[in-house]
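Letter 389 of the sequence shown, counting from 1, is numbered 389 in full-length UniProt numbering, and no numbers are missing.
Have a look at the structure below before the remarks.
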Amino acid sequence: MCAAPMPPLAHIFRGTFIHSTWTNPMEVLRDHLLGVSDSGKIVFLEEASQQEKLAKEWCFRPCEVRELSNHEFFMPGLVDTHIHAAQYSFAGSNVDLPLLDWLTKYTFPVEHKFQNLDFAEEIYTRVVRRTLKNGTTTACYFGTIHTDSSLLLAEITDKFGQRAFVGKVCMDLNVTVPEYKETTEVSIEETERFVSRMLQKNYSRVKPIVTPRFSLSCSETLLGKLGNLAKTHNLHIQSHISENSSEVAAVKNLFPDYKNYTDVYDRNNLLTNKTVMAHGCYLSAEELKVFRERGAALSHCPNSNLSLSSGFLNVLEVMKHKVKIGLGTDVAGGYSSSMLDAIRRAVMVSNILLINKINEKSLSLKEAFRLATLGGSQALGLEKEIGNFEVGKEFDALLINPKASDSPIDLFSGDFFGDLSEEMTEILKKFTWAESRWYPFQAQCKTLGLYQLWDYVVLRLPCARAELESQKIVSCSWDDYFFLCLVTVFT
Ligand code: GUN
Ligand code: ZN
Numbered sequence: 001m002c003a004a005p006m007p008p009l010a011h012i013f014r015g016t017f018i019h020s021t022w023t024n025p026m027e028v029l030r031d032h033l034l035g036v037s038d039s040g041k042i043v044f045l046e047e048a049s050q051q052e053k054l055a056k057e058w059c060f061r062p063c064e065v066r067e068l069s070n071h072e073f074f075m076p077g078l079v080d081t082h083i084h085a086a087q088y089s090f091a092g093s094n095v096d097l098p099l100l101d102w103l104t105k106y107t108f109p110v111e112h113k114f115q116n117l118d119f120a121e122e123i124y125t126r127v128v129r130r131t132l133k134n135g136t137t138t139a140c141y142f143g144t145i146h147t148d149s150s151l152l153l154a155e156i157t158d159k160f161g162q163r164a165f166v167g168k169v170c171m172d173l174n175v176t177v178p179e180y181k182e183t184t185e186v187s188i189e190e191t192e193r194f195v196s197r198m199l200q201k202n203y204s205r206v207k208p209i210v211t212p213r214f215s216l217s218c219s220e221t222l223l224g225k226l227g228n229l230a231k232t233h234n235l236h237i238q239s240h241i242s243e244n245s246s247e248v249a250a251v252k253n254l255f256p257d258y259k260n261y262t263d264v265y266d267r268n269n270l271l272t273n274k275t276v277m278a279h280g281c282y283l284s285a286e287e288l289k290v291f292r293e294r295g296a297a298l299s300h301c302p303n304s305n306l307s308l309s310s311g312f313l314n315v316l317e318v319m320k321h322k323v324k325i326g327l328g329t330d331v332a333g334g335y336s337s338s339m340l341d342a343i344r345r346a347v348m349v350s351n352i353l354l355i356n357k358i359n360e361k362s363l364s365l366k367e368a369f370r371l372a373t374l375g376g377s378q379a380l381g382l383e384k385e386i387g388n389f390e391v392g393k394e395f396d397a398l399l400i401n402p403k404a405s406d407s408p409i410d411l412f413s414g415d416f417f418g419d420l421s422e423e424m425t426e427i428l429k430k431f432t433w434a435e436s437r438w439y440p441f442q443a444q445c446k447t448l449g450l451y452q453l454w455d456y457v458v459l460r461l462p463c464a465r466a467e468l469e470s471q472k473i474v475s476c477s478w479d480d481y482f483f484l485c486l487v488t489v490f491t
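This is how it looks when you write it as structure tokens:
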């Protein structure tokens, strides 16, 4: 018999759950039960041995439990803390110039085209579909200066069930492409219109974010007014900071009365505990301290930083300063729209700092996994809602199915001599770095209550422990196995 009447559960899963906590960058919970309420929230996550007790408490029958296969597991949805939706139209090309020339030659002319709503609709639909396919269940988007197409981006994002912040870009300075800018007054009025329309729409998972492009695109008046607007409505804020050395020098020149780049945003009320700033490669210790004091976050975009030859963010140093940090693709400065790519590049950049003896150690892949999930949720102020499988959060998850038939990896029996856990570590490294390919994907959308919820996105990974075992090639620990699956999808 059940205890007191409880609201019915939407799902009960039994199997493996892998996520990060603040004390453990990758926790593997084998044979656990997770319950999801009708409103999409996690109501319990306990060892499967507790099934009888949970069934009484939550009133479910054994036939209602969906058992994952041995090789399957859930992980949290990936969080892209910085992506330019409009720039997806040229992702994968045009990364042959440094930032300021790149903006002038490629980016501004393309963004200018988004006044055409048909064009915007095509690109925005594709970027939302693609990022979901890549496992990004939450994205922090820059649109363009056009209010209506930015509203369209929000509508499309909501329609597909992706969680997002969407920003109408603000810029009243543009010397090199003057047709792509607004007057100060229009920028403010249109941001107010954008925010008020977004608040009217009251999307459950898509929210507005105040978006001054960067200090070089905004007059002091505009920055100040945007800061006040964000304060009045308690809004999130996003921008760029200290990405490239020429940019930093130009900001110094344009804002001589400010202490540094951080001070430009700070004194205009744009550095708050709801702010996420992309890059920050050249921030000083003093500036990081201000970030920490304000509770502002950084978005580390390693692909972009390498592709545009911008710089190296020292993530370990940022973490030492206890500044919130997540990962971003920064499409299209970054050519990949996959957060899995961002994870690998973050480790690569950290390795470069190690090689150059700037750091004594590198960021581990597990730590990078945490940055892409829990870290990202914190950077966007969503840590109470998503990021891991804590009870009370939304069940925002990817179901990983490693039994895909088209594995790109060749295993050799010689790889598996000696101590297996030691050997596996080496093989994981090999898998991580050796291949680069996309994998088939299948997504599932269910209707829960009044809204559509991406219950979970199914990613199919190209390695299967059972297959390896049946070939008598390997018998690895489960921890090693799941880590292997995760690093493999990161290719
Ligand atoms: N700084 C100002 N605008 C941009 C942009 O669109 N991309 C990147 N990477 N940096 C910027
Ligand atoms: Zn950017």
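For every residue, glycine included, the Cβ atom is placed at its ideal position computed from N, Cα and C.
Distance, residue j Cα to residue i Cα
| i | j | result |
| --- | --- | --- |
| Q50 | K366 | 29 Å |
| S150 | M26 | 36 Å |
| T219 | I400 | Checking the sequence shown, residue 219 turns out to be Ser, not Thr. Cα to Cα, the separation comes out at about 47 Å. |
| Y265 | L306 | 25 Å |
| I188 | I42 | 40 Å |
| Q115 | I145 | 8 Å |
| F74 | L117 | 37 Å |
| S242 | T275 | 15 Å |
| E469 | E72 | Any answer about E469 is weak, because its pLDDT of 44 lies below 50 and its placement is not dependable; what the coordinates show is given next. Roughly 15 Å separates the two Cα atoms. |
| M277 | C63 | 47 Å |
| S239 | T262 | 11 Å |
| V331 | L34 | 34 Å |
| M319 | I325 | 8 Å |
| F255 | N134 | 40 Å |
| L209 | K168 | The residue asked about is misnamed: residue 209 is Ile in this sequence, not Leu. In a straight line, the C-alpha of I209 is about 8 Å away from that of K168. |
| A297 | T221 | 24 Å |
| P212 | S309 | 23 Å |
| K53 | R163 | 34 Å |
| S69 | E247 | 51 Å |
| R66 | F389 | 17 Å |
| residue 493 | A85 | The chain is shown only over 1 to 491; residue 493 falls outside these bounds and no answer can be derived. |
Where the beta strand (DSSP E) through residue i begins and ends
| i | result |
| --- | --- |
| Q238 | 236 to 241 |
| V43 | 42 to 47 |
| Y106 | Careful: Y106 lies outside any beta strand (DSSP E) and carries neither H nor E. |
| S299 | 297 to 300 |
| K168 | Looking at the DSSP string, K168 is not in any beta strand (DSSP E), and its letter there is neither H nor E. |
| residue 492 | The first residue shown for the chain is 1 and the last is 491, placing residue 492 beyond what the model contains. |
| L9 | 9 to 19 |
| E67 | 65 to 67 |
| M75 | 73 to 76 |
| M277 | 275 to 279 |
Span of the alpha helix (DSSP H) around residue i
| i | result |
| --- | --- |
| residue 573 | With the chain represented from 1 up to 491, any question about residue 573 goes unanswered, as that position is not in the structure. |
| K259 | Careful: K259 lies outside any alpha helix (DSSP H) and carries neither H nor E. |
| F160 | 147 to 160 |
| L288 | 285 to 294 |
| Q51 | 51 to 58 |
Contact check, residue i vs residue j, beta carbons under 8 Å
| i | j | result |
| --- | --- | --- |
| G328 | H19 | no |
| D148 | R205 | no |
| Y282 | V95 | no |
| A346 | V315 | yes |
| residue 493 | G387 | In the structure as shown, the chain starts at 1 and stops at 491, and residue 493 therefore has no counterpart that could be examined. |
| N202 | A230 | no |
| V79 | T373 | yes |
| F90 | L9 | no |
| N174 | S215 | no |
Buried versus exposed, by CB contacts within 10 Å (16 or more), residue i
| i | result |
| --- | --- |
| E360 | exposed |
| S93 | exposed |
| P302 | buried |
| W22 | exposed |
| I237 | buried |
| M6 | exposed |
| P178 | exposed |
| Q200 | exposed |
| G449 | Only weak support is given to the placement of G449: the predicted model assigns it a pLDDT of 23, under 50, and the value that follows is read from those uncertain coordinates. When all chains shown are included, G449 counts as exposed. |
| T183 | exposed |
| T107 | buried |
| P109 | exposed |
| I355 | exposed |
| T232 | exposed |
| I156 | buried |
| S362 | buried |
Any C-beta of chain C under 8 Å from that of residue i
| i | result |
| --- | --- |
| A296 | Of the protein chains in the structure, only one exists, and it is not chain C. |
Which ranges would you report for the alpha helix (DSSP H) in the stretch 307 to 380 if only whole runs of at least 4 residues count? DSSP runs (the alpha helix (DSSP H)) wholly in the stretch 307 to 380: 315 to 320, 339 to 355, 365 to 370, 376 to 379.
Could you tell me which uninterrupted alpha helix (DSSP H) segments, each at least 4 residues in length, are contained entirely in the stretch 85 to 143, listed from first to last along the chain? 99 to 102, 108 to 112, 117 to 133
May I have a chain-ordered list of the beta strand (DSSP E) segments no shorter than 3 residues that lie completely inside the stretch 201 to 252? 206 to 212, 236 to 241
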